[in-house]
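S.K.: One structure, pasted below without further comment.
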Amino acid sequence: MPCGCHSLNLVLCDMASSCVKSKSFFGACRCLNTIFANSTKRWAVLRDYVDGLTLKSLSTTRWKSHVESVKAIKSQVSEIREALRKLAEISDDVELSRNADILANKELSSFDFILSLVIWYEILVKINMVSKTLQYEDTSIDIAVTCLQGLVIFFENYRKNGFNSAMVEAKEMALKMEIEHVFPVKHHACRKRHFDEIGNTEREKQSAEESFRTDYFLVIVDIAISELRERFEQLHIHQSIFWFIFDVAKLKSLDDDELKYSCENLHLALKNGDTSDFDLKDLYSEMQILQVTLPSESYDTDKPWTSIRILEYLKRMDIFPNAMIAYRILLTLPVTVGLGERSFSKLKLLKSYLVPL
Numbered sequence: 001m002p003c004g005c006h007s008l009n010l011v012l013c014d015m016a017s018s019c020v021k022s023k024s025f026f027g028a029c030r031c032l033n034t035i036f037a038n039s040t041k042r043w044a045v046l047r048d049y050v051d052g053l054t055l056k057s058l059s060t061t062r063w064k065s066h067v068e069s070v071k072a073i074k075s076q077v078s079e080i081r082e083a084l085r086k087l088a089e090i091s092d093d094v095e096l097s098r099n100a101d102i103l104a105n106k107e108l109s110s111f112d113f114i115l116s117l118v119i120w121y122e123i124l125v126k127i128n129m130v131s132k133t134l135q136y137e138d139t140s141i142d143i144a145v146t147c148l149q150g151l152v153i154f155f156e157n158y159r160k161n162g163f164n165s166a167m168v169e170a171k172e173m174a175l176k177m178e179i180e181h182v183f184p185v186k187h188h189a190c191r192k193r194h195f196d197e198i199g200n201t202e203r204e205k206q207s208a209e210e211s212f213r214t215d216y217f218l219v220i221v222d223i224a225i226s227e228l229r230e231r232f233e234q235l236h237i238h239q240s241i242f243w244f245i246f247d248v249a250k251l252k253s254l255d256d257d258e259l260k261y262s263c264e265n266l267h268l269a270l271k272n273g274d275t276s277d278f279d280l281k282d283l284y285s286e287m288q289i290l291q292v293t294l295p296s297e298s299y300d301t302d303k304p305w306t307s308i309r310i311l312e313y314l315k316r317m318d319i320f321p322n323a324m325i326a327y328r329i330l331l332t333l334p335v336t337v338g339l340g341e342r343s344f345s346k347l348k349l350l351k352s353y354l355v356p357l
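In structure tokens:
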């Protein structure tokens, strides 16, 4: 099963490379860090204007860095713009001065960049929260699926209402920075206008805003929704097979017919030709007994037993061999894996430590 965190990273990569505006936005964010971080003198100029969060570099494999970078720019965009203007004024490097001037007076002074900051920060924060949850050591498949379903719902709601709310926040930021909240308008050849037509200027403004919404905002949101459903399809399939043994509440909620159907579904999924890891009839009988023999502490508490606690109970009892096999198979299905992580990653260290155990 694919690593959940890596799949989320791929979703973000596809979103960021989906259109020219998103590529341009992250390119500008990367240039901001490069200009200041490549020289201690330039960094000192930045620190004269920025007291809070510092600019962060963008990593292609660690998308949390994008959250940190966008957050630092969004919360101090006015101060960063002033630092760029100062750098353009005092720098002896002609090319550096020109690049700083373009970033300050073109990119950071444009309303579409401010709006992109608001949109991407909202998206990155939500995805980062889910990514952190997937990396918890006790995160099981059902928790992962619930988080991912919540993320899809967020994007569906954000598609309907997110653009308008982002516009409100972006206009407030633009007002403080004395930036006119209009989108760049493409110039078209003039033609004779009829008396009842909307003026060219008004039509162009409407067209520019709608173009930003349809060709940029909706593109990245629609990609997020489709990719989340496609890339995590296998996780949903596993949930549909193992769902009834995720925790005590699900197991005890089933009647005999539902339990039998769930056991048959699990047996069919794990069957290889005529061979199987467990006997279907014995599994069904053991699960029936398990439903009524689980101690009250397993479900009458604030934290009902999860699958790993149930497996520990089965080991102590030593009379449920087929049920033990089912739970062991469930608990060997990883939500995330450490093979693709860097050597210094906490997830990599955790996985490397647990493998020998």
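Here my numbering is used: the first residue of the sequence shown is 1, the next is one more, and so on.
Note that beta-carbon positions come from the ideal geometry of N, C-alpha and C, so glycine has one too.
Measuring CA to CA, which of Ile223, Val248, Leu266, Leu254 is closest to Ile237?
M.R.: By 1-based counting over the sequence shown, the position of residue 237 is 237. Ranking Ile223, Val248, Leu266, Leu254 by Cα distance to Ile237 puts Leu266 first.
S.K.: Would DSSP call Asp14 helix, strand or coil?
M.R.: For the purposes of this step, residue 14 is taken as the residue at position 14 of the sequence shown. Three-state DSSP puts Asp14 in a helix.
S.K.: If you measure between the beta carbons of Phe111 and Phe183, is that distance less than 8 Å?
M.R.: One-based indexing of the sequence shown puts residue 111 at position 111. One-based indexing of the sequence shown puts residue 183 at position 183. Taking 8 Å as the Cβ cut-off, Phe111 and Phe183 qualify as a contacting pair.
S.K.: Is Lys315 near the ligand FMN, in the sense that its beta carbon is under 7 Å from a heavy atom of that ligand?
M.R.: The ligand FMN is not part of this structure, which contains no ligands at all.
S.K.: CB Ala72 to CB Leu53, shorter than 8 Å?
M.R.: Translated into positions along the sequence shown, residue 72 becomes position 72. Translated into positions along the sequence shown, residue 53 becomes position 53. Going by C-beta atoms, Ala72 is nearer than 8 Å to Leu53.
S.K.: Give me whichever residues DSSP pairs with Thr146 in a beta bridge.
M.R.: Along the sequence shown, read from residue 1 onward, the residue named residue 146 stands at position 146. Its beta-bridge partners do not exist; DSSP assigns none.
S.K.: Report the three-state DSSP secondary structure of Asn38 (helix, strand or coil).
M.R.: In the sequence shown, counting from the first residue as 1, residue 38 sits at position 38. Reduced to three states, the DSSP call for Asn38 is coil.
S.K.: Can you tell me which of Ser131, Tyr121, Lys126, Cys3 puts its alpha carbon nearest to the alpha carbon of Ser22?
M.R.: Taking the sequence shown and counting its residues from 1, one reaches residue 22 at position 22. The residue with the shortest Cα to Cα distance from Ser22 is Tyr121.
S.K.: Who does Asp318 pair with in a DSSP beta bridge?
M.R.: Reading the sequence shown from its first residue, position 318 is the one you call residue 318. Beta-bridge pairing links Asp318 to no other residue.
S.K.: Just verifying my parser: in three-state terms, what is the DSSP assignment at His188?
M.R.: For this step, residue 188 is matched to residue 188 along the sequence shown. Residue confidence for His188 is low, a pLDDT of 49 falling below 50, so the modelled location carries little weight and cannot support an answer.
S.K.: Between the beta-carbon of Ala408 and the beta-carbon of Val118, is there less than 8 Å?
M.R.: One cannot answer for residue 408 here, as it falls past the ends of the chain, which runs 1 to 357.
S.K.: Ordered along the chain, which non-local residues of its own chain (more than five positions away) have a Cβ less than 6 Å from that of Ala104?
M.R.: As a first step, residue 104 is located in the sequence shown; it is residue number 104 there, counting from the start. Within the same chain, Ala104 has close Cβ partners Arg81, Leu84, Arg85.
S.K.: For Thr306, name the three-state secondary structure that DSSP assigns.
M.R.: Numbered from its first residue, the sequence shown carries residue 306 at position 306. Thr306 falls in the strand class under three-state DSSP.
S.K.: Please determine if the segment 84 to 99 and the segment 3 to 10 are in contact, where contact requires at least 3 C-beta pairs separated by less than 8 Å.
M.R.: Output reads no: the segment 3 to 10 does not touch the segment 84 to 99.
S.K.: Whole-angstrom Cβ separation of Val11 and Ala224, contact assumed at under 8 Å?
M.R.: Mapped onto the sequence shown, residue 11 falls at position 11. Mapped onto the sequence shown, residue 224 falls at position 224. With 8 Å as the limit, Val11 and Ala224 qualify as a contact, their Cβ atoms being about 6 Å apart.
S.K.: Buried or exposed for Met317, please, with buried defined as at least 16 other CB atoms from any protein chain shown within 10 angstroms of its CB.
M.R.: Taking the first residue of the sequence shown as 1, we reach residue 317 at position 317. It counts as exposed.
S.K.: Please tell me whether Lys252 and Trp243 are closer than 8 Å, where the distance is taken between their beta carbons.
M.R.: Within the sequence shown, the letter at position 252 stands for residue 252. Within the sequence shown, the letter at position 243 stands for residue 243. No; because the gap between Cβ atoms is not below 8 Å, this pair is not in contact.
S.K.: Leaving out the 5 sequence neighbours to the left and right, which residues in its chain are closer than 8 Å to Leu55 when beta-carbon positions are compared?
M.R.: Taking the first residue of the sequence shown as position 1, residue 55 is located at position 55. If we look at Leu55 and ignore the five residues flanking it on each side, its Cβ neighbours are Leu32, Asn33, Phe36, Ala37, Leu46, Ser69, Ala72, Ile73, Ile80.
S.K.: Do Pro304 and Val248 come within 8 Å of each other at the CB atom, strictly closer than that value?
M.R.: Position 248 of the sequence shown, counting from 1, holds the residue named residue 248. Position 304 of the sequence shown, counting from 1, holds the residue named residue 304. In contact: Val248 and Pro304 (Cβ atoms closer than 8 Å).
S.K.: Using only alpha-carbon positions, find the residue among Asp302, Gln149, Asp142, Tyr284 that is nearest to Ser226.
M.R.: To locate residue 226, count along the sequence shown from 1; it is residue 226. When each option's Cα is compared against that of Ser226, the closest is Gln149.
S.K.: Could you give the first and the last residue of the continuous alpha helix (DSSP H) run that contains Lys86?
M.R.: Numbered from 1 along the sequence shown, position 86 holds the residue referred to as residue 86. Residues 77 to 90.
S.K.: Buried or exposed for Val292, please, with buried defined as at least 16 other CB atoms from any protein chain shown within 10 angstroms of its CB.
M.R.: Reading the sequence shown from its first residue, position 292 is the one you call residue 292. When all chains shown are included, Val292 counts as exposed.
S.K.: Evaluate contact between the segment 321 to 335 and the segment 134 to 146, counting only Cβ atoms and requiring at least three cross-stretch pairs below 8 Å.
M.R.: Verdict: yes, contact present.
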